[in-house]
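Order-wise, the sequence lines are chains A and B.
For the first sequence, the working numbering assigns the number 35 to the initial residue and increments by one for each residue that follows.
For the second sequence, the working numbering assigns the number 353 to the initial residue and increments by one for each residue that follows.
All C-beta atoms in this analysis are idealised placements derived from N, C-alpha and C, irrespective of residue type, glycine included.
For reference, the structure discussed in these notes is given below.
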Amino acid sequence: MGERSNVAEREKLLELKKVTTHYGPIRVLTDVDMVIYPGEMVCLLGGNASGKSTTLKTILGIVKVSEGEMYFRGERADQLSTAERIERGMAVVPENRRIFSKMTVLENLEMGAYLRDDKKGIKEDMDYVFELFPRVKERLHQKGGTMSGGEQQMLAMGRALMSRPKLILMDEPSMGLAPLFVERIFEIIKQVNERGISVFVVEQNANVALSIADRGYVLQTGEVVLSGPAKELLNNEAMKKAYLGEV
Amino acid sequence: MAVSSVSRAKRKVNWLPWLLLLGIAVIIIGRIIYLYSLDPRFNTAFFLRAFIESVKLGSLYALIALGYTMVYGIIRLINFAHGEVFMVGAFMTYFFFTFTPYPWFISAIYAAIIAYGSMRVLEFFRGSMRDPLVLAAGGVIFIGLTVLVSSITFPFWLALICSMIFTGVLGIVIDRVAYFPLRTAPRNSLLITAIAVSFLLQNLGLLVFTNRQTPFRPDTPLIQPLQLTVGNGQVFSNWLLLAIPLITAILVVVLTLFVNRTRLGKAMRASAQDAETAQMMGVSVNKVIATTFLLGSMLAAAGGAMWGLNFGSLNQPAILGILPGIKAFSAAVIGGIGSLPGAVIGAIIIGFLENFTTAIFPKTATFQGVTEFKDTFAFILLIIVLLVRPSGIVGEDLSEKV
Numbered sequence: 035m036g037e038r039s040n041v042a043e044r045e046k047l048l049e050l051k052k053v054t055t056h057y058g059p060i061r062v063l064t065d066v067d068m069v070i071y072p073g074e075m076v077c078l079l080g081g082n083a084s085g086k087s088t089t090l091k092t093i094l095g096i097v098k099v100s101e102g103e104m105y106f107r108g109e110r111a112d113q114l115s116t117a118e119r120i121e122r123g124m125a126v127v128p129e130n131r132r133i134f135s136k137m138t139v140l141e142n143l144e145m146g147a148y149l150r151d152d153k154k155g156i157k158e159d160m161d162y163v164f165e166l167f168p169r170v171k172e173r174l175h176q177k178g179g180t181m182s183g184g185e186q187q188m189l190a191m192g193r194a195l196m197s198r199p200k201l202i203l204m205d206e207p208s209m210g211l212a213p214l215f216v217e218r219i220f221e222i223i224k225q226v227n228e229r230g231i232s233v234f235v236v237e238q239n240a241n242v243a244l245s246i247a248d249r250g251y252v253l254q255t256g257e258v259v260l261s262g263p264a265k266e267l268l269n270n271e272a273m274k275k276a277y278l279g280e281v
Numbered sequence: 353m354a355v356s357s358v359s360r361a362k363r364k365v366n367w368l369p370w371l372l373l374l375g376i377a378v379i380i381i382g383r384i385i386y387l388y389s390l391d392p393r394f395n396t397a398f399f400l401r402a403f404i405e406s407v408k409l410g411s412l413y414a415l416i417a418l419g420y421t422m423v424y425g426i427i428r429l430i431n432f433a434h435g436e437v438f439m440v441g442a443f444m445t446y447f448f449f450t451f452t453p454y455p456w457f458i459s460a461i462y463a464a465i466i467a468y469g470s471m472r473v474l475e476f477f478r479g480s481m482r483d484p485l486v487l488a489a490g491g492v493i494f495i496g497l498t499v500l501v502s503s504i505t506f507p508f509w510l511a512l513i514c515s516m517i518f519t520g521v522l523g524i525v526i527d528r529v530a531y532f533p534l535r536t537a538p539r540n541s542l543l544i545t546a547i548a549v550s551f552l553l554q555n556l557g558l559l560v561f562t563n564r565q566t567p568f569r570p571d572t573p574l575i576q577p578l579q580l581t582v583g584n585g586q587v588f589s590n591w592l593l594l595a596i597p598l599i600t601a602i603l604v605v606v607l608t609l610f611v612n613r614t615r616l617g618k619a620m621r622a623s624a625q626d627a628e629t630a631q632m633m634g635v636s637v638n639k640v641i642a643t644t645f646l647l648g649s650m651l652a653a654a655g656g657a658m659w660g661l662n663f664g665s666l667n668q669p670a671i672l673g674i675l676p677g678i679k680a681f682s683a684a685v686i687g688g689i690g691s692l693p694g695a696v697i698g699a700i701i702i703g704f705l706e707n708f709t710t711a712i713f714p715k716t717a718t719f720q721g722v723t724e725f726k727d728t729f730a731f732i733l734l735i736i737v738l739l740v741r742p743s744g745i746v747g748e749d750l751s752e753k754v
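Structural data, given as structure tokens:
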């Protein structure tokens with residue numbers, strides 16, 4: 035989405051200021067600073083156990099912030115409940131899809147719109163989801179668990195879109211999918227992003243993620259070690275060695 | 353070699369329970385055919401009555417079993433206090449339809465529990481217990497109920513509804529006070545707490561309802577005699593024979609509609625499958641759990657009221673809930689714990705096993721043992737089902753969770 039030279043003056047959608055979180059006595063994130071601007075696509079990279087998923091859970095409020103501040107749409111958000119954050123415009127595509135396998139595809143989509151009351155808006159968004167994922171429409175009355183991995187990923191994304199979010203958080207959307215499907219999923223993520231919805235992707239597949247993201251952060255043992263525009267990260271020497279698999 | 357011998361040994365173990373089940377089935381069916389063809393007293397009318405009686409008993413167990421299965425489905429807790437919740441429901445119904453022999457301060461205790469529970473429910477909507485509206489509502493409910501409960505006699509249907517509301521709120525209070533603080537604790541702590549709550553309620557019941565046989569004879573047409581002519585025989589009973597299965601069926605249908613059609617019901621099913629993801633969709637899981645306790649306890653109260661009607665009196669409060677509670681729990685496990693239809697199916701099966709066997713082996717010198725041991729049938733079946741199919745009749749594979 036073009037150049038971002040004047041980012042400093044723009045209104046921030048999400049901001050983490052020196053966020054530290056703990057699982058019991060164990061510190062997982064240390065002084066994480068992060069910003070997401072409206073309409074932007076940001077990816078978070080890092081190896082195993084670097085705190086990627088925890089960052090996402092912290093943003094969502096499943097893991098509590100122990101130190102630092104978090105702002106969402108200009109409002110202090112680190113004391114809000116998960117439901118309140120979702121009401122204010124967050125949505126999530128969880129790791130491993132986590133669709134409700136014993137509920138029908140339609141019911142899964144309805145769960146995505148759980149906090150909404152406007153029937154007309156929900157209908158519109160459902161039509162949009164069907165347009166993006168015709169396959170989901172074909173399977174509407176089937177149990178979620180009977181679909182293939184790729185279809186489940188589509189359903190999970192559709193479910194997230196059903197809340198008409200300002201920011202979609204995605205945890206490893208490429209995990210366990212065939213390479214062809216990974217490409218397709220990222221194409222759709224791009225399409226969604228072009229509608230003006232900010233996307234925050236946690237990924238291990240750094241090449242694919244950086245090729246479509248605007249900016250990226252790299253996490254190592256709970257600390258941000260590298261950040262910048264995606265193109266710079268793609269060409270960064272340290273990055274290449276550690277994550278991009280080039281010699 | 354080693355592998356095949358292991359698998360063969362495994363198959364060998366599974367034979368025994370199947371044989372047992374087959375044996376029981378053969379004995380029961382053989383006995384029915386024998387009686388029907390040889391003894392004129394055991395005519396169609398007799399078997400029809402035994403059949404409906406079994407469904408009736410099964411319905412009572414089903415109302416309790418649904419609470420076990422719902423709570424287990426959502427927080428994976430076997431709520432051992434549920435039998436006592438059923439006991440409270442039965443006694444509260446009695447309490448509402450009888451002119452109360454209890455002093456005012458006991459009404460005040462009930463009113464306080466209801467008021468506290470209502471405030472907890474209002475807290476969901478207003479955000480805080482200290483909100484003036486919540487405090488005011490609590491006060492009004494407390495004073496109003498104290499006066500109302502200690503001075504007014506309700507007709508049976510109203511007593512039943514009041515008891516269901518009271519017991520439902522009690523369920524929420526139990527969850528809030530005893531289980532909520534342990535949400536993230538190991539499951540064993542929760543289980544032990546449940547047993548403690550069960551003892552607490554037994555002894556509170558003993559204290560409040562006193563240790564005596566309580567006659568349960570409300571002024572309702574349901575206990576009027578009913579006479580049916582079937583073929584050349586007649587069925588003498590009362591309207592409860594038809595009313596209890598019917599009321600149970602209505603409640604089960606309403607519950608099923610609630611769970612499948614409403615937003616909160618869908619949130620319940622979603623939380624049962626994956627609470628964390630449901631939370632990520634914006635579901636307030638604590639609200640869902642409170643709803644589950646509310647519904648489960650309301651059904652148990654309905655079961656308790658009809659239990660009292662059915663047997664005409666209530667036993668000592670300390671033990672009233674134990675046996676029905678454990679049998680209903682067995683029913684939930686037999687059907688597949690966590691599944692609503694499973695609980696109903698399991699309960700009906702236990703109803704049949706218990707009632708039909710005692711009907712076809714009447715209490716004579718020859719068959720005394722059968723009648724005396726009727727309470728054990730549920731548990732024998734439980735053991736067999738656990739050996740053959742631990743996930744229950746309609747339950748899915750237990751290892752499913754990824």
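Within-8 angstroms CB hit, residue i to chain B
i, result
"residue 47/A", "no"
"residue 236/A", "no"
"residue 88/A", "no"
"residue 109/A", "no"
"residue 132/A", "yes"
"residue 206/A", "no"
"residue 135/A", "yes"
"residue 148/A", "yes"
"residue 302/A", "What the structure shows of chain A is the stretch from 35 to 281, and residue 302/A is not part of that stretch, so it cannot be assessed."
"residue 116/A", "yes"
"residue 259/A", "no"
"residue 216/A", "no"
"residue 128/A", "yes"
Proximity to residue i [Cα-Cα], best of the options
i, options, result
"residue 403/B", "379/B, 663/B and 587/B", "587/B"
"residue 601/B", "450/B, 415/B, 394/B and 400/B", "415/B"
"residue 45/A", "54/A, 74/A, 172/A and 61/A", "74/A"
"residue 603/B", "696/B, 475/B, 387/B and 543/B", "696/B"
"residue 669/B", "732/B, 688/B, 692/B and 557/B", "557/B"
"residue 615/B", "639/B, 605/B and 711/B", "639/B"
"residue 129/A", "244/A, 261/A, 115/A and 194/A", "194/A"
"residue 175/A", "276/A, 200/A and 135/A", "135/A"
"residue 167/A", "192/A, 179/A and 159/A", "192/A"
"residue 539/B", "401/B, 431/B, 374/B and 660/B", "431/B"
Euclidean distance between Cα positions of residue i and residue j
i, j, result
"residue 229/A", "residue 264/A", "20 angstroms"
"residue 356/B", "residue 370/B", "The pLDDT assigned to residue 356/B is 46, lower than 50, so where the model puts this residue is not dependable; a value taken from the coordinates is nonetheless given after this. Taking the straight line from one Cα to the other gives about 22 angstroms."
"residue 281/A", "residue 269/A", "Only weak support exists for where residue 281/A lies, its pLDDT of 47 falling under 50; the value from the coordinates is given anyway. Cα to Cα, residue 281/A sits roughly 12 angstroms from residue 269/A."
"residue 610/B", "residue 737/B", "30 angstroms"
"residue 665/B", "residue 569/B", "7 angstroms"
"residue 113/A", "residue 676/B", "45 angstroms"
"residue 562/B", "residue 519/B", "19 angstroms"
"residue 724/B", "residue 188/A", "60 angstroms"
"residue 123/A", "residue 70/A", "14 angstroms"
"residue 151/A", "residue 509/B", "36 angstroms"
"residue 252/A", "residue 259/A", "6 angstroms"
"residue 213/A", "residue 127/A", "19 angstroms"
"residue 109/A", "residue 261/A", "24 angstroms"
"residue 544/B", "residue 390/B", "53 angstroms"
"residue 64/A", "residue 205/A", "20 angstroms"
"residue 467/B", "residue 115/A", "27 angstroms"
"residue 208/A", "residue 241/A", "12 angstroms"
"residue 234/A", "residue 513/B", "51 angstroms"
Proximity test, Cβ basis, 8 angstroms: residue i and chain A
i, result
"residue 622/B", "yes"
"residue 751/B", "Confidence in residue 751/B is poor, its pLDDT being 43 and thus under 50, which makes the residue's placement unreliable; the coordinate value appears in the next sentence. Answer no: the Cβ-Cβ gap between residue 751/B and chain A never drops below 8 angstroms."
Any non-hydrogen atom of the ligand NAP closer than 7 angstroms to residue i Cβ
i, result
"residue 503/B", "As far as ligands go, the structure on display features none, and thus does not contain the ligand NAP."
Within the region 212-265 of chain A, ranges of the alpha helix (DSSP H) (whole runs, at least 4 residues): 213-228 and 240-246
Short-range partners of chain A found in the region 626-648 of chain B, where Cβ spacing is below 8 angstroms: 626, 628, 629, 630, 631, 632, 633, 634, 635 and 636
Short-range partners of chain A found in the region 605-622 of chain B, where Cβ spacing is below 8 angstroms: 615, 618, 619, 621 and 622
Residues within the region 94-106 of chain A neighbouring chain B, beta-carbon criterion of under 8 angstroms: 94 and 96
Residues within the region 52-86 of chain A neighbouring chain B, beta-carbon criterion of under 9 angstroms: none
Whole runs of the beta strand (DSSP E) within the region 572-604 of chain B, excluding any shorter than 3 residues: 577-582 and 585-590
Cβ-based contacts, 8 angstroms cut-off: residues of the region 142-175 of chain A near chain B: 144, 145, 146, 148 and 149
Length at least 4, wholly inside the region 417-463 of chain B: the alpha helix (DSSP H) runs in chain order: 434-449
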